[in-house]
Amino acid sequence: MSHKDHSFDTRAIHVGEEPEFFEGSRNEVVAPIYLSSTYARKEVKNPGFFQYSRSQNPTRFALEKRYASLEQTAYGLGFASGLAAEATLMVALLKPGDHVIGFDDLYGGTKRLFHLWEDTYGLKVTLVDASQPELVEGAIRPETKLVWLESPSNPLLKICDIAAISKIAHRYNLLVVVDNTFLSPYFQQPANLGADIVVHSITKYIAGHSDVIGGAIMLNDKALYDRLKFCQNALGSVPSPFDCYLVLRGLKTLSLRMEKHQSNALAIAAYLENHPKVSRVYYPGLRSHPQYETGIRQASGFGGMVSFEVVGGEKEAVKFLESLQVFTLAESLGGVESLIEHPALMTHASITAKEREMAGIKDSLIRMSVGVEDKADLIADLEQALEGI
Ligand code: P1T
Numbered sequence: 004m005s006h007k008d009h010s011f012d013t014r015a016i017h018v019g020e021e022p023e024f025f026e027g028s029r030n031e032v033v034a035p036i037y038l039s040s041t042y043a044r045k046e047v048k049n050p051g052f053f054q055y056s057r058s059q060n061p062t063r064f065a066l067e068k069r070y071a072s073l074e075q076t077a078y079g080l081g082f083a084s085g086l087a088a089e090a091t092l093m094v095a096l097l098k099p100g101d102h103v104i105g106f107d108d109l110y111g112g113t114k115r116l117f118h119l120w121e122d123t124y125g126l127k128v129t130l131v132d133a134s135q136p137e138l139v140e141g142a143i144r145p146e147t148k149l150v151w152l153e154s155p156s157n158p159l160l161k162i163c164d165i166a167a168i169s170k171i172a173h174r175y176n177l178l179v180v181v182d183n184t185f186l187s188p189y190f191q192q193p194a195n196l197g198a199d200i201v202v203h204s205i206t207k208y209i210a211g212h213s214d215v216i217g218g219a220i221m222l223n224d225k226a227l228y229d230r231l232k233f234c235q236n237a238l239g240s241v242p243s244p245f246d247c248y249l250v251l252r253g254l255k256t257l258s259l260r261m262e263k264h265q266s267n268a269l270a271i272a273a274y275l276e277n278h279p280k281v282s283r284v285y286y287p288g289l290r291s292h293p294q295y296e297t298g299i300r301q302a303s304g305f306g307g308m309v310s311f312e313v314v315g316g317e318k319e320a321v322k323f324l325e326s327l328q329v330f331t332l333a334e335s336l337g338g339v340e341s342l343i344e345h346p347a348l349m350t351h352a353s354i355t356a357k358e359r360e361m362a363g364i365k366d367s368l369i370r371m372s373v374g375v376e377d378k379a380d381l382i383a384d385l386e387q388a389l390e391g392i
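Under the numbering used here, the letters of the sequence shown match residues 4 to 392, in that order.
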C-alpha cells in the first residue's frame, strides 16, 4: 500500500508495517523482530536477497522505509547511534585535508567527533554562528566539502535559515547536513528546505522513551545513498533488530508526544521568563528569541527543549539542579520524562572551556528536555528549586 498521500500522523503509524510488507505472504500488524544473524542459501552461487543481517535485516528495512517517509526523502538508513550515523557520514563523504563549516553551537559529541577527525585525518573545521548565513559564506574555502547545521542548536537553541544556507552552499557545490534531532520530522523537514542530508539521534524524540540508542540518515540523492549504504555495511554501524522494533513502536506516538512536549515547554518558558532568579531564557517559541521569525517560517513548531541561565554561576546552577524532584538530572533528551542538565559540566564537557565560552555556554546555563508530565507539577518543581538558590 502506498502512503504517499497520507498525512504525517498516518505515515508515522503505518509505513514499513503494512501487513503485506514482507514478501506479500505475511500479515502481521506489527513488524516481527528478525533476530537471525544470517540466512540460509540453497546454492553456493545463488545467495538470494537476504544473506547476512548486518547487510540486510527485515526489521531494519521496515524502519528505514518509515524514516524516509517521515522526512519526505527518497531514502532512509538506520544506525546504531546518532554518532554512528555522523561517523559513517564523515567516512563516506570526507577525505584527509577536507574542510567542514559547522554551526558554532552543536552537540558536544559532534564537536568531539570533528576533533577526532582533525587529529586522525587532518580534517579542517571552522565553526561559525550560522544564524547569520553570510558568516557561512565567508568561511567557504576551495577545500570546503560540507556545511553542518543543527536548528535549533544544542544547547543554545539558535536557529539558522536552512533554505538560505542551502542556496549559498549549492552555489559552491557544497553539501548541507542538518541534524534535525531537536524538532524531529514532525515539526521540520530540512530536505524540503534544501538540505542534502538529514541526520538524527534517534535516541531522542523519535524513539521517545529513553530506552534506545539509535541514529538515522535521510536523503534524496541515489548516488549518495548508495555510498552511505555501502559504508553502513562496511563499517558495521547498524542498529539491532530489537532496537528497530522499539523505534517503530515509539514512532507511532511521535505526533502526540511532540504536541505535549511543546505545550509544556511553551508554558515553562513563559514562566521562567518572568522569574526573578532567571536571567535569560532560550526557547524558539518566545517572541524574545532572536530568530523567532526564521523559526516560524521554516518549521511548524518550536519543540520541547528549553535552556535558561540562573542568576549567579555554577554554584547556584548545581544547587538548583540537585534540588529538583520531578525533573531527572540526566544527559539526553526527547523522552516522555522531563530531563535536566548542566551543559558545561555534562553534555558539552567534552569540548574545551574556551570553545564553550566562544559558543556562549555559561556556567549558569541549564538545559531541559520538557517531558509530557502534567505541566503544573513541572512548574511547581522548578519553583521550589529556584526558591532554594
Ligand atoms: O547519543 P547519540 O544517539 O549518539 O546522538 C548524538 C547526538 C547527535 N545530535 C544531537 C543534536 C544530539 O543531541 C546528540 C546526543 N545528545 C545528547 C546525548 C544530549 O544530551 O545532548
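Cβ coordinates follow ideal geometry from the N, Cα and C atoms, glycine included.
Going along the chain, which residues of its own chain have a beta-carbon closer than 6 Å to the beta-carbon of residue i, five neighbours each way excluded?
i: A95; result: R230, L231 and C234
i: S40; result: S56
i: S240; result: F82, A83, A87 and T91
i: L178; result: L149 and D199
i: A362; result: D107 and D108
i: A77; result: N223
i: V201; result: E74, V181, N183, P193, A194 and M221
i: I16; result: K255
i: T129; result: I104 and A142
What residue range is occupied by the uninterrupted beta strand (DSSP E) comprising residue i?
i: V2; result: Lying outside 4 to 392, the shown extent of the chain, residue 2 is not represented and no answer is given.
i: G105; result: H102 to F106
i: M371; result: L368 to S372
i: S310; result: M308 to V313
i: H203; result: I200 to S204
i: D182; result: L178 to D182
i: I343; result: L342 to E344
Using a threshold of 7 Å, is the CB atom of residue i nearer than that to any non-hydrogen atom of the ligand P1T?
i: F185; result: yes
i: N157; result: yes
i: I216; result: yes
i: T350; result: yes
i: G112; result: yes
i: L336; result: yes
i: S39; result: no
i: L138; result: no
i: G447; result: This structure cannot settle anything about residue 447, because the visible part of the chain is limited to 4 through 392.
i: L410; result: Limits of the chain in this structure are 4 at one end and 392 at the other, which puts residue 410 out of reach.
i: S204; result: yes
i: E74; result: no
i: E393; result: Residue 393 is absent from the model: the chain starts at 4 and stops at 392.
Against chain D, with Cβ distances strictly below 8 Å, would residue i count as a contact?
i: I205; result: Any reference to chain D falls outside this structure, which holds one protein chain only.
Give every residue of the same chain whose Cβ lies closer than 7 Å to the Cβ of residue i, excluding the five residues on either side of it in the sequence, and list them in chain order.
i: E67; result: G79, L80 and G81
i: V339; result: G211, H212, R260, G374 and V375
i: I171; result: P136, V139 and E140
i: R14; result: H6, S72 and L73
i: L38; result: P244
i: P50; result: R44
i: S169; result: V179, L196, G197 and A198
Let's see if you can read the secondary structure: which residues bound the alpha helix (DSSP H) around residue i?
i: T147; result: Where T147 is concerned, there is no enclosing alpha helix (DSSP H), although the beta strand (DSSP E) it sits in stretches over T147 to E153.
i: D122; result: G111 to Y124
i: G141; result: P136 to G141
i: I1; result: This structure cannot settle anything about residue 1, because the visible part of the chain is limited to 4 through 392.
i: V321; result: E317 to E325
i: I216; result: From DSSP, I216 is part of no alpha helix (DSSP H); its letter is neither H nor E.
i: H17; result: F11 to H17
i: T91; result: G85 to L96
i: A356; result: A356 to A362
i: G253; result: P244 to L254
i: D383; result: Reading off the sequence, residue 383 comes out as Ala, not Asp. Start and end: K378 to E390.
i: F190; result: S187 to F190
i: E31; result: Segment: none, E31 is in no alpha helix (DSSP H) and carries neither H nor E.
Kindly identify the DSSP beta-bridge partner or partners of residue i.
i: G79; result: M221
i: N277; result: Answer by DSSP bridge pairing: none, since N277 is not bridged.
i: R283; result: E312
i: Y55; result: T41
i: N49; result: E46
i: T331; result: L342
Can you give me the Cβ contacts of residue i inside the same chain, cut-off strictly under 8 Å, excluding the 5 residues immediately before and after it?
i: I271; result: V309, M371, V373, K378, L381, I382 and L385
i: E146; result: G100, D101, H102 and K127
i: A268; result: Y286, G288, F305, G306, G307, M308, V309 and V373
i: L249; result: A210, H212, D214 and V215
i: P22; result: R29, N30, E31 and V32
i: G253; result: I209, A210, G211, H212 and V215
Comparing the CB of residue i with every heavy atom of the ligand COA, is any distance shorter than 7 Å?
i: D182; result: No copy of the ligand COA occurs in the structure displayed; its ligands are the ligand P1T alone.
Report yes or no: do three or more beta-carbon pairs, one from the stretch 267 to 286 and one from the stretch 129 to 143, lie closer than 8 Å? no
Do the stretch 344 to 352 and the stretch 153 to 160 make contact, defined as three or more Cβ pairs closer than 8 Å? yes
Counting beta carbon pairs with one atom in the stretch 203 to 210 and one in the stretch 172 to 191, are three or more of them shorter than 8 Å? Touching, yes, given that three or more Cβ pairs across the two stretches are closer than 8 Å.
At least three beta-carbon pairs within less than 8 Å, the stretch 99 to 116 to the stretch 352 to 370: yes
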